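Engineer:
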């Protein structure tokens, strides 16, 4: 199939991803996830540490900085994060493509 | 199952990072070969999609939640090696930008979700699809099983790492992790099958793994509904 129609499909997937991250993440269950729950029940949850690099993480725990409302902060993190991950991965794909050996079938 | 820092012994975290780094390095080299024009846009949007669905925690039993993993979905769409790259990009972004999953634990998380989840289960599914040549329904069933397995094996890896680290006794953490992730895996299986069903209906030619009766790209044109 041609590039244009693959791009159209890709655009739909990206739009869906952004919509899900923005729209549904504020509604996500706040309960601890599987590992966190096991950590709490088994008693090793207190061992968690934050790496120095993460202390200056822009949006720890998906709370986008500078936004008062917690759910809105999550939604914005979803929006920005999804697009940022797309940009990083797409950039990687472009770099890798450029390094393809010529005359590969 | 993102392991934060502080849960793993430093040496265990470092040891886990070695196979993870090796797999990623090889995946990058293979990508130079495997990343054809059609797949280039798919790598970015699949990563975005996996990131997005990983934000969506859903309740499972008693005060616990799970989130989708996306490893099997990525593997069916892009193949096991590119799927490993997808998971790595997502995990790195999560650790660095959102403090979700540790930094020293990143290798372990990539090992559990990228190498065990996406790559190994992806390779298994690829072998199974090639050997069994399933029709559409069986294919979706296999993808669902692969999705569930990816979650379970990732949980297994996590448990073993915690056990070897001395953080928790394996006898306590293993059944607990497998138990809760067996439930989470059901959600993963359902969503994976649904998403792949949609892609199969719309653009079967874009799947790296596909059923034997998927309409090839050329034949799709001009056929009515349900191609």
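Residue numbers (the working numbering), protein chains in the order written: chain A, 14 to 118; chain B, 21 to 247. In this text, a Cβ means the ideal position worked out from N, Cα and C, and glycines have one as well. If you're wondering where the values come from, they're calculated on a predicted model, not measured in any experiment.
Which chain A residues are close to residue 154 of chain B, counting only those with a beta carbon under 7 Å from its beta carbon?
Structural biologist: Correct list: empty, because the minimum Cβ distance to chain A is about 23 Å.
Engineer: Would you say residue 89 of chain A reaches chain B, if we count a Cβ-Cβ gap shorter than 8 Å as a contact?
Structural biologist: Not an interface residue.
Engineer: Look at residue 12 of chain B and residue 66 of chain B and say whether their C-beta atoms are less than 8 Å apart.
Structural biologist: Outside the modelled stretch of chain B, which goes from 21 to 247, sits residue 12 of chain B, for which no answer is possible.
Engineer: Looking at the strands, I want to know which residues DSSP matches up with residue 79 of chain B.
Structural biologist: Partner(s): B:85.
Engineer: Is it buried or exposed for residue 213 of chain B, if we count other Cβ within 10 angstroms and need 16 for buried?
Structural biologist: buried
Engineer: Measuring only between beta-carbons, confirm whether residue 41 of chain A sits less than 8 Å from chain B.
Structural biologist: yes
Engineer: How about residue 51 of chain A and residue 92 of chain A: do their beta carbons lie closer than 8 Å?
Structural biologist: Going by C-beta atoms, residue 51 of chain A is not nearer than 8 Å to residue 92 of chain A.
Engineer: Here's the rule: buried if 16 or more other CB atoms are within 10 angstroms of the residue's CB, otherwise exposed. What is residue 84 of chain B?
Structural biologist: buried
Engineer: In the DSSP assignment, the alpha helix (DSSP H) including residue 307 of chain B goes from what residue to what residue?
Structural biologist: Absent from the structure is residue 307 of chain B, since the part of chain B shown begins at 21 and ends at 247.
Engineer: Within 10 Å of its beta-carbon, does residue 68 of chain A have 16 or more other beta-carbons around it, so buried, or fewer, so exposed?
Structural biologist: exposed
Engineer: Nearest-angstrom Cα distance between residue 109 of chain B and residue 215 of chain B?
Structural biologist: 21 Å
Engineer: With 8 Å set as the bound, which would you pick, yes or no: does the beta-carbon of residue 223 of chain B sit closer than that to a beta-carbon of chain A?
Structural biologist: yes
Engineer: Please compile the residues from chain B whose C-beta is within a distance smaller than 9 Å of the C-beta of residue 74 of chain A.
Structural biologist: Chain B residues near residue 74 of chain A: 118, 119 and 120.
Engineer: At the 8 Å Cβ level, is residue 78 of chain A part of the contact set with chain B, yes or no?
Structural biologist: no
Engineer: Using a threshold of 8 Å, state whether the C-beta atoms of residue 197 of chain B and residue 178 of chain B are closer than that.
Structural biologist: yes
Engineer: Taking the alpha-carbon of residue 185 of chain B as reference, which of B:26, B:141, B:21 and B:32 has the nearest alpha-carbon?
Structural biologist: For residue 185 of chain B, the nearest C-alpha among the options comes from B:32.
Engineer: For residue 46 of chain A, does the three-state DSSP call read helix, strand or coil?
Structural biologist: If DSSP states are grouped into helix, strand and coil, residue 46 of chain A belongs with the strands.
Engineer: Just the Cα atoms here: how many angstroms apart are residue 174 of chain B and residue 28 of chain A?
Structural biologist: 29 Å
Engineer: Could you tell me the boundaries of the alpha helix (DSSP H) in which residue 24 of chain B lies?
Structural biologist: Segment: none, residue 24 of chain B is in no alpha helix (DSSP H) and carries neither H nor E.
Engineer: For residue 223 of chain B, name the three-state secondary structure that DSSP assigns.
Structural biologist: coil
Engineer: Which two residues bound the contiguous alpha helix (DSSP H) that contains residue 64 of chain A?
Structural biologist: No alpha helix (DSSP H) contains residue 64 of chain A, which DSSP labels as neither H nor E.
Engineer: First and last residue of the alpha helix (DSSP H) that includes residue 139 of chain B?
Structural biologist: Segment: none, residue 139 of chain B is in no alpha helix (DSSP H) and carries neither H nor E.
Engineer: Report yes or no: is there a C-beta of chain A within less than 8 Å of the C-beta of residue 29 of chain B?
Structural biologist: Answer no: the Cβ-Cβ gap between residue 29 of chain B and chain A never drops below 8 Å.
Engineer: Grab me the residues of residue 62 of chain B's own chain with a C-beta within less than 7 Å of its C-beta, minus the 5 sequence neighbours each way, in chain order.
Structural biologist: 97, 98 and 226
Engineer: For residue 112 of chain B versus residue 103 of chain B, is the C-beta distance shorter than 8 Å?
Structural biologist: no
Engineer: Would you call the CB atoms of residue 39 of chain A and residue 87 of chain A closer than 8 Å?
Structural biologist: Yes, the pair counts as a contact, with Cβ atoms nearer than the cut-off.
Engineer: Spatial neighbours of residue 204 of chain B within its chain, please: CB distance less than 7 Å, with the 5 preceding and 5 following residues excluded, ordered by chain position.
Structural biologist: 80, 86 and 171
Engineer: Suppose the cutoff is 7 Å on Cβ atoms and the five residues either side in sequence are ignored; what does the same chain contact list for residue 245 of chain B look like?
Structural biologist: No answer about residue 245 of chain B holds up, because its pLDDT of 38 lies below 50 and its placement is not dependable.
Engineer: With a threshold of 8 Å between beta carbons, is residue 139 of chain B in contact with chain A?
Structural biologist: Look at residue 139 of chain B: its C-beta is not under 8 Å from any C-beta on chain A.
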